[in-house]
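First comes the structure, then the notes that go with it.
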Amino acid sequence: MDATPTAESAGMAQAIRAPGVETVPNAADFSGLPPRDDDWTDEHWRYLIEWLLRAQLFSARELASLVLGHLNPSQVGTSIASKKTFQAHYPPRKTMAAVLKWHMEQTGKCLDCNTRLELQADHIETREDHGDDADRLENMTLRCRRCNVIRRPSHRQGGRTHLTAEAALMWILFVKRPRTYQAYEVLCRSYGMTMANIRFKEAWAMARWLSREGLYEIDLDSSM
Ligand SMILES: [Zn+2]
Numbered sequence: 019m020d021a022t023p024t025a026e027s028a029g030m031a032q033a034i035r036a037p038g039v040e041t042v043p044n045a046a047d048f049s050g051l052p053p054r055d056d057d058w059t060d061e062h063w064r065y066l067i068e069w070l071l072r073a074q075l076f077s078a079r080e081l082a083s084l085v086l087g088h089l090n091p092s093q094v095g096t097s098i099a100s101k102k103t104f105q106a107h108y109p110p111r112k113t114m115a116a117v118l119k120w121h122m123e124q125t126g127k128c129l130d131c132n133t134r135l136e137l138q139a140d141h142i143e144t145r146e147d148h149g150d151d152a153d154r155l156e157n158m159t160l161r162c163r164r165c166n167v168i169r170r171p172s173h174r175q176g177g178r179t180h181l182t183a184e185a186a187l188m189w190i191l192f193v194k195r196p197r198t199y200q201a202y203e204v205l206c207r208s209y210g211m212t213m214a215n216i217r218f219k220e221a222w223a224m225a226r227w228l229s230r231e232g233l234y235e236i237d238l239d240s241s242m
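All residue numbers for the sequence shown refer to the numbering used here, where the first residue is 19 and numbers rise by one.
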């Protein structure tokens, strides 16, 4: 077997060996907290929420509305019952009743991480392995959006931390407070994010918007 690393595998190894986000200290407001979000306790997260509220990044009402919306069970009935592969197991027009019964019998928590937020119907044995045969109610469970996504082969990097990539992009911005876009990009990479730079550039807009309101400091030599 050829042991010469491909550009891709060398890049992967490099990404894993690069110093992690824990080597960069938190911004002053978060200096008493662990430098890695994986090490945060519930108390630390509570502190972040209170900090964000105090900074008026959003109101308590907006936060409550967002959370309540994500607690509301998603339309699993419609999404499952409309699939021909599921309908095939039931007499005509009986699928929805079966799906609703299945839904009620669930625990209401993500099978993998136990959250009640953003639950979706997901396969126990995957469609990749079992095809249409996987589309049976007995083979369905509830998983949250995050746990559902990181099971896909295309998201193998996903499960490293608890935050989703979109949440981590903002965690880095507020907790590390990099003063240039360049530093932000390095932080995102050292956190383990493997997506294209455009995602970091889009997220950096938050720093720009807040800086215009005097809520974020950006150095003059920032490239964006
Ligand atoms: Zn989950």
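Cβ coordinates follow ideal geometry from the N, Cα and C atoms, glycine included.
Backbone CA spacing between residue i and residue j [nearest angstrom]
i, j, result
"Ser229", "Ile236", "7 Å"
"Arg170", "His141", "11 Å"
"Arg145", "Ser49", "45 Å"
"Gln32", "Met213", "Because Gln32 carries a pLDDT of 40, less than 50, the predicted location of this residue cannot be relied on, and no value is offered for it."
"Ser97", "Met158", "12 Å"
Per DSSP, cross-strand counterpart(s) of residue i
i, result
"His141", "Met158"
Status (buried if at least 16 other CB within 10 Å, exposed otherwise) for residue i
i, result
"Cys131", "exposed"
"Asn166", "buried"
"Ala225", "buried"
"Glu203", "buried"
"Trp227", "exposed"
"Ala183", "buried"
"Lys102", "exposed"
"Leu205", "buried"
"Ala185", "exposed"
Host alpha helix (DSSP H) of residue i (start-end)
i, result
"Phe192", "Run containing Phe192: none; DSSP gives neither H nor E here."
"Asp60", "Asp60 to Arg72"
"Lys102", "Lys102 to Gln105"
"Glu123", "Thr113 to Glu123"
"Gly87", "Ala78 to Leu89"
"Asn94", "Looking at the sequence provided, one finds Val at residue 94 rather than Asn. Unbroken alpha helix (DSSP H) run through Val94: Val94 to Ala99."
When the options are compared against residue i, the one with the closest alpha-carbon
i, options, result
"Gly210", "Ala106, Arg195, Ile190 and Gly232", "Ile190"
"Met188", "Thr113, Tyr234 and Asp153", "Tyr234"
"Leu137", "Arg207, Lys219 and Gly95", "Gly95"
"Phe218", "Glu143, Leu181 and Gln200", "Gln200"
Minimum Cβ-Cβ distance from residue i to chain D less than 8 Å
i, result
"Ala214", "Structure shown: chain D not included; a single protein chain is present."
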